[in-house]
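In case it helps, this note's numbering puts the sequence shown at residues 12 to 205.
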Amino acid sequence: MYDTVIIGAGLSGLSAGIRLAHFDRRVCIVEQHSTIGGLNSFYRLRGRQFDVGLHAVTNFTPKGARRGPLARLLRQLRFRWDDFALVPQIGSTIAFPDVRLRFTNETELLESEIAAKFPDQRDNFRKLVSQLIDYDDLDTELYYQSTRKVLGDVITDPLLCEMLLCPLMWYGNAREQDMDFGQFSIMFRSIFLE
Ligand SMILES: Cc1cc2nc3c(=O)[nH]c(=O)nc-3n(C[C@H](O)[C@H](O)[C@H](O)COP(=O)(O)OP(=O)(O)OC[C@H]3O[C@@H](n4cnc5c(N)ncnc54)[C@H](O)[C@@H]3O)c2cc1C
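Set out below in structure tokens:
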């Protein structure tokens, strides 16, 4: 007999199962596929394992950090930081035909890139960042606002708006042509600030 049956052995089902097992619950995870992992699956070839889903861990924090989603997940699921052979990114670029914006895990680089390529938007970008840091994740009314509207009220150069939206929409957006402001806020913090 099981206390809990979880349908699906993707990362959510596996995480929930591990967590429940830590609290002595008997868990059965049911998976329709022949292997675990869901969207974040892997395959084996000539003795090696290849990941097909995960290519980047956002919200990177260095070993020993106690704050942020990564530290919390490791603590809750009782994994060690070393289990994942994590390395910070060397650098990323948003490359549009005539402008490029580089960014790393240090927010200052993106800010200086914006200051160099969109000088009149530097203060607006700072304003946007402080607005996003103050954004309350639990406010459902704000969540579904149009990001294009909110962003356009602060960043007045349409090209910069597109450049900031591009990686975030590519990475994690369910809407066409626009983005829920709550989702934008989460992705912005993950990709550009953390
Ligand atoms: C190409 C790609 C790259 C990605 N890159 C990243 C990345 O770099 N960083 C990052 O953080 N995230 C990344 N993601 C997103 C991440 O992989 C997913 O958010 C995460 O794996 C979702 O996990 P989940 O458990 O919620 O859902 P899923 O992985 O979809 O798992 C659901 C599971 O339930 C099973 N299932 C469904 N219905 C049934 C049923 N009726 N009976 C039994 N089983 C069922 C499915 O077979 C599946 O195994 C990427 C995704 C893709 C596709």
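Yeah, the Cβ is synthetic: ideal placement off N, Cα and C, and Gly gets one too.
Boundaries of the beta strand (DSSP E) in which residue i is found, first to last residue
i	result
Asp134	No beta strand (DSSP E) holds Asp134; the alpha helix (DSSP H) holding it covers 133–145.
Gly15	Residue identity check: residue 15 is Thr in the sequence provided, not Gly. Element bounds for Thr15: 15–18.
Ser23	Segment 22–33 is the alpha helix (DSSP H) holding Ser23; no beta strand (DSSP E) there.
Ile202	Neither: Ile202 is in no beta strand (DSSP E) and is coded neither H nor E.
Among the options, nearest to residue i - alpha-carbon criterion
i	options	result
Val63	Gly21, Lys138, Phe53, Cys39	Phe53
Glu42	Leu22, Arg133, Arg59, Asp35	Leu22
Thr46	Ala27, His33, Leu31, Gly19	Gly19
Ile125	Thr104, Leu143, Asp145	Thr104
Ala96	His66, Ser201, Arg36	His66
Cα-Cα separation, residue i to residue j
i	j	result
Gly24	Ile40	7 Å
Thr158	Val16	38 Å
Cys172	Gly102	21 Å
Asp150	Arg59	45 Å
Asp164	His33	47 Å
Pro108	Cys177	13 Å
Arg55	Gly48	13 Å
Tyr13	Leu31	11 Å
Leu68	Asp131	Checking the displayed sequence, the identity of residue 68 turns out to be Val instead of Leu. Between Val68 and Asp131, the C-alpha separation is close to 33 Å.
Asp142	Arg57	What sits at residue 142 in the sequence shown is Gln, not Asp. Computed Cα separation, rounded: 50 Å.
Which residues DSSP lists as bridging residue i, in chain order
i	result
Asp191	Ser157
Asp164	Beta-bridge pairing links Asp164 to no other residue.
Residue i vs residue j beta-carbon contact at 9 Å
i	j	result
Pro99	Phe71	yes
Phe203	Leu175	yes
Asn135	Thr167	yes
Tyr155	Gly183	no
Leu215	Phe114	Examination of residue 215 is not possible in this model, given that the chain is present from 12 through 205 alone.
Terminal residues of the alpha helix (DSSP H) in which residue i lies
i	result
Ile47	Looking at the DSSP string, Ile47 is not in any alpha helix (DSSP H), and its letter there is neither H nor E.
Leu171	169–183
Gln87	80–88
Ile125	118–128
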